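Numbering (my numbering), first residue to last: 60 to 332.
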């Protein structure tokens, strides 16, 4: 029997987690388990409503980062689970997301990971922005990775299912057996990526091992993007971490694009671009 688990990594996520869980509770195909891994929240009081929820399990950890916390969540699941959804606490699923996703795995046997059409959401106004957030991750000709459609009007664009180069880690519905066959006994997410670019690294590693990544527009969700809308408002520590991880990404998966990553790191590190 197919069993679906959801792993949600939290870190001071009180403003959004309740909406995320509420959307999961409204699924037409309920997840068999919701596993919250708290990665070092300064105050975990916002997690107490779920202490007596039989559908929810909470694992408390130090602030080990997004990758290691997701790995911890996956490691806490019994082998009986066939599918795993990595979901950000600021991502809210449409009610039929899990049901449709499971049906799509039957239709696309070669797909090991599926994502959907993520639209932007304003957590302050608690309303959709009307703009897209991600329809898969792609790479520019010079090497920069980007979420396709981000900031564009959420209209009829990108409405064809397709296999994509990479998938945003905020929304990854995975076949467990495809994951473990591809990672070959090591961590699912590379823990050297504290946060940023870990989803691209995993996507590249999966594809190298024959796992295809499917974007399907019928799967819909909202996402409150963590980056500030204006780059000058992003802290230097976040910028340098992102630049460092892009360089690390091309060391893990070497290509001439490493020169782009090196240039970006220099510009951020020494010129605060």
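C-beta atoms are modelled at their ideal positions from N, C-alpha and C, and glycine is treated no differently.
Keep in mind it's a predicted model, so treat the numbers as computed, not measured.
Item: Residue from 198, 150, 186, 203 whose Cα sits closest to the Cα of residue 79; Value: 150
Item: Pairwise C-alpha distance: residue 120 and residue 325; Value: 33 angstroms
Item: Ordered list of alpha helix (DSSP H) runs contained in the segment 87-150, each at least 4 residues; Value: 125-134
Item: Stretch-stretch touch, CB-based, cutoff 8 angstroms, three pairs: the segment 224-231 with the segment 260-274; Value: yes
Item: Within 8 angstroms, strictly: CB atoms of residue 148 and residue 67; Value: yes
Item: Selected residue, minimal CA-CA separation from residue 164, among 185, 302, 220; Value: 220
Item: Collapsed DSSP secondary structure at residue 247 in the structure displayed; Value: coil
Item: Beta carbon of residue 141 nearer than 8 angstroms to that of residue 86; Value: no
Item: Given residue 73 as reference, the closest of 83, 100, 65 once Cα atoms are compared; Value: 100
Item: Close Cβ partners of residue 323 (< 7 angstroms) along its chain, the five nearest in sequence each way excluded; Value: 302, 305
Item: Spatially closest choice to residue 313 from 212, 202, 217, 275, by CA coordinates; Value: 202
Item: Burial state of residue 104 (16 or more Cβ within 10 Å); Value: exposed
Item: Cβ neighbours of residue 75 in the same chain (closer than 7 angstroms, five flanking residues each side left out); Value: 148, 149, 182, 283
Item: Residue 337, DSSP secondary structure in three states; Value: Outside the shown range of the chain, which is 60 to 332, sits residue 337, and nothing can be said about it.
Item: Rounded distance between the beta-carbons of residue 136 and residue 230, thought under 8 angstroms; Value: The pair is not a contact, with the Cβ atoms about 18 angstroms apart (cut-off 8 angstroms).
Item: Alpha-carbon spacing of residue 116 relative to residue 232, whole angstroms; Value: 19 angstroms
Item: contact_flag[the segment 180-199, the segment 152-159] where n(CB pairs < 8 angstroms) is 3 or more; Value: no
Item: Residues near residue 236 in its chain [Cβ-Cβ closer than 8 angstroms; skip 5 each side]; Value: 141
Item: Residue 129 versus residue 214: straight-line alpha-carbon distance, rounded; Value: 32 angstroms
Item: Within 8 angstroms, strictly: CB atoms of residue 307 and residue 255; Value: no
Item: Minimum C-alpha distance to residue 126 - residue among 107, 96, 171, 320; Value: 96
Item: Identified DSSP bridge partners for residue 172; Value: 233, 272
Item: Close beta carbons around residue 88, own chain, < 7 angstroms, minus the five adjacent residues each side; Value: 157, 158, 161
Item: Close Cβ partners of residue 82 (< 6 angstroms) along its chain, the five nearest in sequence each way excluded; Value: 151, 152
Item: Whole-angstrom distance between residue 292 and residue 208, CA atom to CA atom; Value: 22 angstroms
Item: Length-filtered (4 minimum) alpha helix (DSSP H) runs lying within the segment 174-239; Value: none
Item: Cutoff 8 angstroms; reference residue 328; Cβ partners in own chain excluding five residues on either side; Value: 299, 302
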